[in-house]
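All the letters of the sequence shown, read from the start, carry residue numbers 1 to 574 under the UniProt record's numbering. These notes are about the structure you will find just below.
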Amino acid sequence: MSSVQPEVLQATAVDANLKSYEEARRTFDWSEVEKAFSWHTTGKVNMAYEAIDRHAEAGLADKIALYYSDANRREAVTFGQMKANSNKFGNVLRKLKVAKGDRVFIFMPRTPELYAALLGTIKIGAIVGPLFEAFMEQAVRDRLEDSEAVAIVTTPALLPRVPVRDLPHLRHVVVVGDSAEVGAEHVDFYKEMEQASEELAIEWMDREDGLILHYTSGSTGKPKGVCHVHNAMIQHYYTGKIVLDLKQDDIYWCTADPGWVTGTSYGIFAPWLNGVANVVRGGRFKPEDWYGTIVDNKVTVWYSAPTSFRMLMSAGDDLVKQFDLSSLRHVLSVGEPLNPEVIRWGLKVYNHRIHDTWWMTETGGQLICNYPSMDIRPGSMGKPIPGTEAAILDDSGNVLPPNRMGNLAIKTPWPSMMRKIWNNPAKYEEYFRMNGWYVSGDSAYMDADGYFWFQGRVDDVINTSGERVGPFEVESKLVEHPAVAEAGVIGKPDPLRGEIIKAFISLRAGFEPSDELKADIAKFVKLGLAAHAAPREIEFKDKLPKTRSGKIMRRVLKAWELGLPTGDLSTIED
Ligand code: WTA
1 MSSVQPEVLQ ATAVDANLKS YEEARRTFDW SEVEKAFSWH TTGKVNMAYE
51 AIDRHAEAGL ADKIALYYSD ANRREAVTFG QMKANSNKFG NVLRKLKVAK
101 GDRVFIFMPR TPELYAALLG TIKIGAIVGP LFEAFMEQAV RDRLEDSEAV
151 AIVTTPALLP RVPVRDLPHL RHVVVVGDSA EVGAEHVDFY KEMEQASEEL
201 AIEWMDREDG LILHYTSGST GKPKGVCHVH NAMIQHYYTG KIVLDLKQDD
251 IYWCTADPGW VTGTSYGIFA PWLNGVANVV RGGRFKPEDW YGTIVDNKVT
301 VWYSAPTSFR MLMSAGDDLV KQFDLSSLRH VLSVGEPLNP EVIRWGLKVY
351 NHRIHDTWWM TETGGQLICN YPSMDIRPGS MGKPIPGTEA AILDDSGNVL
401 PPNRMGNLAI KTPWPSMMRK IWNNPAKYEE YFRMNGWYVS GDSAYMDADG
451 YFWFQGRVDD VINTSGERVG PFEVESKLVE HPAVAEAGVI GKPDPLRGEI
501 IKAFISLRAG FEPSDELKAD IAKFVKLGLA AHAAPREIEF KDKLPKTRSG
551 KIMRRVLKAW ELGLPTGDLS TIED
């Protein structure tokens, strides 16, 4: 909020899809975008049809939809093949009596099979729930239980983490693996796919019918199921055009896993709704492999995250020089604050401005962005997309003038806005408590020229390497460890990961602090919940600061950690 002149990186794009941001803001109308889709006339819709079949039927059947590679496998799948494969999987589910509105989870690493299964699920009108392969049993159980999922698609390696016996609604486990590894009680994916027909009667949906469930963390309670509907495609398609700047011949790579909303909205829907070739790289992050993926596929548009860019930065400038990255035309980022330092580095080594974008699982699609034809102010998230309004509100819901910090909010509705929190209408309503605004939980300010600047989270949600982690979930797991009496979890600032998870723990009688115990506790969370949820730092305390009602005061823990004043302690016990 300083008064010094902001750093400005001038726009250089000459033929961006969005010619003038200012003009689009004045003239843009969402109802025009709908005309791109076949359902504009029929009123009946299916996301998977619009993303794949529509192109296959319009002469693009032989165009590559998916360029897949990992350490052992390389495959190109055309729009025609993707249509056939997803149809087959739709038939597999229909044979199992999975029906419209049922929840089907997908719990497997990124492979071409994942994409066929996800699209096939959508084609029969079921609601798809993608899960990170890093999830351990508790995380899988919470999500399947809450949504009363009827089926899950998984692999032999991940199957042991699916607590089938404790999930009475789960009728089918589809296993993607060698037939020898598929038990008689399970459905053999490859065998069923081989027998399934390539013809499928698509389930035509209402635009407000459920499409996808993404579980995400808040500051309290278990992860919540954010439900999106088919109507979201309007925004996915439009932002694919004006933010990703996708054109017919682009080779687009989004590095996110479909377990995260970025990996579906922008790793599946946006590129394919625009009929663009989509690159998927399986396996773990390795700088050499990432640059290799750009070179091998001649990637033109690349969407990644600040943590990844920071890791690439620490891998060094010399590494970049070993790869010919000249195919790149447009580079974007999402998930956490994008440091100005990283933008400057990107300009130096890639010769590209990295375009920051802001949005959330709940918003379903990009909302505040930088566009190729607009100047970038490093450190700013950009400006709201045409057709939407963003503002900074005070705690009573009044719109604040420029340069005042407050609650970042979006005027409702917009096409990809979530339509419910599964089983939790009260939680849903909370987001919309300020008349007609969606309150994001982020604090920010808007400068006099309309650029938005992220300041932090209003709540205790931790953002570590772009992953949203609820402290409550980690604390709940920690106290299951036999040595742990109480636990309080905070995000500690970290140069590489944005934040790391730090746990303050008081031990049960009979346990002594030690490094071995720290390691054991961290491992317990890693194996019980997920690797990214495990605390990287643990500090033992005799006692944790609590309110008189017994709530652990994370704000005090954070102040201790940062060496800041602890603020109002009037509610603390003793
Ligand atoms: C944070 C889905 C700063 C923010 C994409 C938000 C960001 C949360 C940015 C959503 C950005 C996302 N700059 N912070 N460009 N983008 N965030 O639902 O706190 O996993 O509320 O992301 O990430 O996390 P989610």
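Note that CB positions come from ideal geometry on N, CA and C, so glycine has one too.
Burial of V229 is indicated by the presence of at least 16 other C-beta atoms within 10 angstroms of its C-beta. Beyond the five residues adjoining it in sequence on each side, S380 comes within less than 6 Å, by CB distance, of Y451, W453 in the same chain, given in chain order.
In the DSSP assignment, A151 falls within the unbroken beta strand (DSSP E) covering 151–154.
About 6 Å separates the beta carbon of L393 from that of G406, a gap short enough to meet the 8 Å contact definition.
Under the DSSP assignment, A24 falls in the alpha helix (DSSP H) whose first and last residues are 21–27.
With fewer than 16 other Cβ atoms from the protein chains shown falling within 10 Å of its own Cβ, N398 counts as exposed. Rounded to whole angstroms, L170 and P6 show a C-alpha spacing of 55 Å. DSSP places M446 within a strand segment (E or B) once states are collapsed to three. Within the UniProt domain "AMP-binding enzyme C-terminal" (473–551), the runs of beta strand (DSSP E) at least 3 residues long that lie entirely inside it are, in chain order, 484–494, 498–507, 537–540. Between the beta-carbon of S476 and that of A16 there is about 47 Å, and that puts the pair past the 8 Å contact cut. Burial state of H40 is exposed, judged by a 10 Å Cβ sphere holding fewer than 16 other Cβ atoms. For S69, the closest C-alpha among the options A56, E113, E32 is that of E113.
If the five residues before and after E75 are omitted, its C-beta is found closer than 6 Å to the C-beta atoms of Y68, P112, all from its own chain and listed in chain order.
Relative to the ligand WTA, the nearest heavy atom lies less than 7 Å away from the CB of G441. Between L167 and E145, the beta carbon gap of about 6 Å places them in contact (Cβ cut-off 8 Å). Counted as a single uninterrupted DSSP element, the beta strand (DSSP E) harbouring E467 occupies residues 467–469. With a threshold of 16 other beta carbon atoms within 10 Å, E50 meets it and is buried.
If you compare the alpha carbons of P337, A391, S179 with that of K411, the shortest gap goes to A391.
The beta carbons of L529 and A483 sit no closer together than 8 Å. Listed in chain order, the beta strand (DSSP E) elements of length 3 or more contained wholly in the stretch 131–184 are 151–154, 172–175.
When only Cα atoms are considered, L273 and D449 end up about 33 Å apart.
Checking the DSSP bridge columns, you'll see E75 partnered with Y68.
In the three-state reduction of the DSSP assignment, W290 falls in the helix class.
Within the model, the alpha-carbon separation for V33 versus I234 is close to 7 Å. By the Cβ criterion, the stretch 51–59 is not in contact with the stretch 89–99, since fewer than three pairs of Cβ atoms, one from each stretch, lie closer than 8 Å.
The Cβ atoms of I501 and V458 do not sit closer than 8 Å to each other. Secondary structure at A116: helix, using DSSP grouped into helix, strand and coil. In this structure, the beta-carbon distance from T293 to V299 falls below 8 Å. Between the ligand WTA and P337, a heavy atom-to-CB distance of less than 7 Å is present. Ranked by Cα distance from H352, the options D206, V331, F28, D515 are led by V331.
Secondary structure note for F105: its beta strand (DSSP E) is the uninterrupted segment 103–107.
By the Cβ test, the stretch 343–350 is in contact with the stretch 305–324, since at least three Cβ pairs between them sit closer than 8 Å.
Set against 7 Å, the gap from the CB of V176 to the closest heavy atom of the ligand WTA is not smaller.
Residue state for Y451 is assigned as coil, using DSSP reduced to three classes.
For the ligand WTA, no non-hydrogen atom lies closer than 7 Å to the CB of M446.
Following the DSSP letters along the chain, one finds G406 inside the beta strand (DSSP E) bounded by residues 406–411.
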